[in-house]
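Participant: In our numbering, the protein residues as written are 167 to 463. Here a beta-carbon is modelled for each residue, glycine too, at the ideal position from N, C-alpha and C. Model, not experiment: these values are computed from the prediction. For reference, the structure I am asking about is given below.
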């Protein structure tokens, strides 16, 4: 997957002059795990460079200047090519008119969105391909993930995309045991992970860490703790370093298909203090333990 990302120099210039470059820099940082081509138009590029030099003492301007000068490094290319910009922009304009704008409706109802066309623009707008903040980026990338058929590639993708989540090393194997199968559940897995990453930090930040039932009640998707304590102890508890244990009983519940019991994502919403796994301190992290069928003894 190589993502073409447009940057409009007129918009960039305006943001520099308003000292509002943080949003653009944040989106660029979010995309850093993926192979991408940034394409700038030539309209205001000379003025962009002039303004960046004038404001070189401003941290956000320094960050963007370094980005422009990187050229081809770290799976990222930056080019200033009007013809290429116009070509991609023309295609983007067509997609923006045709595609739906509701991520949930696209994933669950199959509304139109071309998931194998990796083109975006960093700008204000109502289209899902027009991104101006972290959540915009995660929404459209969640949709791109629904086009990945290979389980190993999918596992690698979700590990890179949902960077506020920590996935268990056996997460791929757990997906092999989904009751309905990976291909059937892929869209739900993506949407649930997107909701967990977006909503859990906001719930936790409200004050003292709430209990699992309270967390589940505040989620926009079906989410609750496991009631069977023996099951929690034997199946939903992860052994970590120093003979400690991490309870991952909270789970989202996917849609029921026929007579099958819904598949689940088991996780810990906020890893307790002094929890270390393979030398990594997980305190405060969201730990995704299993994406699998309903756990039972």
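#1: Can you list, in chain order, the residues of its chain whose CB lies under 7 Å from that of residue 330, leaving out five sequence neighbours each side?
#2: Which residues bound the beta strand (DSSP E) around residue 172?
#3: Taking contact to mean 3 or more Cβ pairs, one atom from each stretch, closer than 8 Å, check whether the segment 384-399 and the segment 418-435 are in contact.
#4: Here's the rule: buried if 16 or more other CB atoms are within 10 angstroms of the residue's CB, otherwise exposed. What is residue 295?
#5: Would you report the Cα separation of residue 409 and residue 377, rounded to the nearest angstrom?
#6: Beta carbon of residue 131, beta carbon of residue 170: below 8 Å?
#7: I believe residue 285 touches residue 244 by the beta-carbon criterion, under 8 Å. Please report the beta-carbon distance rounded to the nearest angstrom.
#8: Classify residue 320 as helix, strand or coil using the three-state DSSP reduction.
#9: Can you tell me whether DSSP reads residue 227 as helix, strand or coil?
#10: Give the list of continuous alpha helix (DSSP H) stretches no shorter than 4 residues that lie fully inside the segment 306-376.
#11: Determine the direct distance from the alpha carbon of residue 325 to that of residue 208, and round the result to whole angstroms.
#12: So, for residue 312: in the same chain, excluding its five sequence neighbours on each side, which residues have a beta-carbon less than 7 Å away from its beta-carbon?
#13: Can you tell which of 394, 445, 293 has its C-alpha closest to the C-alpha of residue 406?
#14: How many whole angstroms separate the CB atoms of residue 459 and residue 344, which I take to be in contact at a CB cut-off of 8 Å?
#15: Taking the alpha carbon of residue 194 as the point to measure from, which residue in 183, 241, 176, 224 has its own alpha carbon closest?
#16: What would DSSP say about residue 447, mapped onto helix, strand or coil?
#17: Could you check the C-alpha separation between residue 182 and residue 441 for me, to the nearest Å?
#18: From the DSSP secondary-structure annotation, give me the bridge partner or partners of residue 432.
#19: Does the Cβ-Cβ distance between residue 449 and residue 462 come in under 8 Å?
#20: Within the segment 195-273, note down every full beta strand (DSSP E) run reaching 3 residues or more, in order along the chain.
#21: If you count every other CB in all the chains shown that lies within 10 Å of the CB of residue 455, and 16 or more means buried, which is it?
#22: Would residue 340 and residue 457 be called neighbours here (beta carbons separated by less than 8 Å)?
#23: Between the beta-carbon of residue 287 and the beta-carbon of residue 172, is there less than 8 Å?
#24: Can you tell which of 250, 346, 227 has the C-alpha that lies nearest to the C-alpha of residue 186?
#25: Anyone know if the C-beta pair for residue 231 and residue 265 falls short of 8 Å?
#26: For a test of the three-state rule: what should DSSP assign to residue 296, helix, strand or coil?
#27: Is DSSP giving residue 412 helix, strand or coil here?
#28: How many whole angstroms separate the CB atoms of residue 359 and residue 328, which I take to be in contact at a CB cut-off of 8 Å?
#29: Note the first and the last residue of the continuous alpha helix (DSSP H) segment covering residue 396.
Facilitator: Looking at the atomic coordinates:
#1: 363, 367, 452
#2: Segment 168-173, the beta strand (DSSP E) holding residue 172.
#3: yes
#4: buried
#5: Rounded to whole angstroms, residue 409 to residue 377 spans 24 Å at the Cα level.
#6: With the chain covering only 167 through 463, there is no way to say anything about residue 131.
#7: Actually they are not in contact, since the Cβ atoms of residue 285 and residue 244 sit about 16 Å apart, beyond 8 Å.
#8: helix
#9: helix
#10: Listed in chain order, they are 317-327, 337-341, 348-370.
#11: 36 Å
#12: 273, 281, 352, 353, 356
#13: 445
#14: 6 Å
#15: 241
#16: strand
#17: 42 Å
#18: 417, 456
#19: In this structure, residue 462 does not lie closer than 8 Å to residue 449 by Cβ.
#20: Listed in chain order, the complete beta strand (DSSP E) runs (minimum 3 residues) inside the segment 195-273 are 201-206, 242-246.
#21: buried
#22: yes
#23: yes
#24: 227
#25: With a cutoff of 8 Å on beta-carbon distance, residue 231 and residue 265 are scored as not near each other.
#26: strand
#27: strand
#28: About 5 Å; that satisfies the 8 Å criterion.
#29: 395-400
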